[in-house]
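This report refers to the structure that appears directly beneath it.
Residue numbers (our numbering): 1054 to 1208.
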């Protein structure tokens, strides 16, 4: 009879023995099975490469998500800055006689604005996606831009 596994004797530290007992306490695994799996996980280069590849893929996904957030933040910041600049430069001050009516109209317009923001936050529409689609922004190649994200318009 040929055994597929070889029997060996090892010495464990009290801490390692405690961990091994805890891992096999529920009866779902044998001590031999836990030690075998632990040695493979620790020393098997193929398993390490596989875990590293999975980690690398996850990091790439996270990097793409961070780049997308940076693009969206840039677009939103520029949009807000241009609106503020436009508002401050173009809107003349109102005379006292028309200020009350203008404030009432402004409150109605603000309520409508808040409703639109609410719709967008609830996922009905995305202003950022709309802006990026309208101006057809693309991300430059990572090797060309260095460490700092940069947007370029497609011509």
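Ideal Cβ placement from N, Cα and C applies to all residues, glycine included.
Would you report the Cα separation of residue 1182 and residue 1115, rounded to the nearest angstrom?
For residue 1182 and residue 1115, the distance between alpha carbons rounds to 19 Å.
Can the beta-carbon of residue 1059 be found less than 8 Å from the beta-carbon of residue 1073?
Their beta carbons are not under 8 Å apart, which means residue 1059 does not touch residue 1073 by this criterion.
For the alpha helix (DSSP H) containing residue 1071, list its first residue and its last residue.
Unbroken alpha helix (DSSP H) run through residue 1071: 1067-1077.
Consult DSSP for residue 1083 and reduce its assignment to one of helix, strand or coil.
Coil.
With distances taken between CB atoms, is the gap from residue 1028 to residue 1076 smaller than 8 Å?
Since the displayed the chain opens at 1054 and closes at 1208, residue 1028 lies outside it and no answer follows.
Does DSSP classify residue 1144 as helix, strand or coil?
Coil, per DSSP.
Three-state secondary structure (DSSP) at residue 1188?
Helix.
If you pair each beta-carbon of the segment 1098-1117 with each one of the segment 1162-1169, do three or more pairs fall below 8 Å?
Because the criterion of three Cβ pairs below 8 Å is not met, the segment 1098-1117 and the segment 1162-1169 do not touch.
Taking DSSP as the reference, what is the three-state secondary structure of residue 1111?
Residue 1111 falls in the helix class under three-state DSSP.
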